[in-house]
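Residue numbers (the numbering used here): 51 to 303. Report on the structure given below.
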Ligand code: TMP
């Protein structure tokens, strides 16, 4: 069978050339990594869940006018997205202290922040994605001042949308990371939400019990990761009724 041309292989996804110019096929793998890939595992069903969850969040964002790269889901593991130039930043929005921010500032995990706080990390695995300031970003040309204004506005709109959707199903959006891509429409360029939005890139805590429903379950060995992601998907009404298991692929010889 002819294989599509691979464009890029990341830790959790592979990108292939899309069927039309300006499109890309994004394939969600089952690989899980943490701490810059020092910890690795294959978690059966994770890719299927993230494909479905990212489709759900990106479609919701598109519907309220927040532009994203998402076009449509192709199958259980693949989605068609718009080709874009990824801005080399990880854009993090935090509503409650957790993870690296809690460590860095000596805050107790779960402390509510006075307002959403946006942080930028340089996307560079060799350097461990270091935190950078707007000064670094503008001076080194990773994004312009106008881009930064647009990125901030996108990030806060995603935060409002995601916080509301999650609150509606009893989940607190503690923090999340997005990536932003540049697309060209004729003479204009604009920025859109790219990559994925899934429990791999968010912190999601059950509002009642505090149970973690995100990749910290893997990072911190807190239990079964697919159970946690399945819980998020079923609360959002994405799991087939009466079946909370992700269908397992069967090998056809
Ligand atoms: P942090 O507290 O470890 O800096 O993570 C902040 C948020 O960003 C959290 O929701 C997890 C997400 N994240 C990623 O999506 N990719 C990464 O490589 C890291 C370190 C964090």
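All C-beta atoms in this analysis are idealised placements derived from N, C-alpha and C, irrespective of residue type, glycine included.
Closer than 8 angstroms to some heavy atom of ligand 1: that describes the Cβ of residue 251. At the C-beta level, residue 219 and residue 261 stay beyond 9 angstroms of one another. The alpha-carbon separation between residue 55 and residue 258 amounts to approximately 46 angstroms. Under the three-state reduction of DSSP output, residue 245 falls in the coil class, being neither helix nor strand.
For residue 194, the number of other beta carbons within 10 angstroms of its own is below 16, and it is reported as exposed. Among the bridge pairs identified by DSSP, residue 132 is matched with 73. Across the structure, residue 276 and residue 210 are spaced so that their CA atoms are roughly 26 angstroms apart. Taking residue 96 as reference, the option from 67, 256 and 63 with the minimal CA-CA separation is 63.
One thing to note: residue 222 has its Cβ no nearer than 9 angstroms to the Cβ of residue 114.
With fewer than 16 other Cβ atoms from the protein chains shown falling within 10 Å of its own Cβ, residue 196 counts as exposed.
DSSP places residue 300 in no alpha helix (DSSP H); its state is neither H nor E. Secondary structure at residue 84: strand, using DSSP grouped into helix, strand and coil.
Rounded to the nearest angstrom, the Cβ distance from residue 253 to residue 149 is 7 angstroms, consistent with a contact under 8 angstroms.
Excluding sequence positions up to five before and after residue 247, its CB lies within less than 6 angstroms of the CB of 104 and 107, all in the same chain and listed in chain order.
Here residue 137 has 193 and 230 as same chain residues with Cβ atoms under 6 angstroms from its own Cβ, once five neighbours each way along the sequence are excluded. Shortest gap from the CB of residue 120 to any heavy atom of ligand 1: 8 angstroms or more. The beta-carbon separation of residue 120 and residue 101, rounded to 11 angstroms, does not stay under the 8 angstroms limit for a contact.
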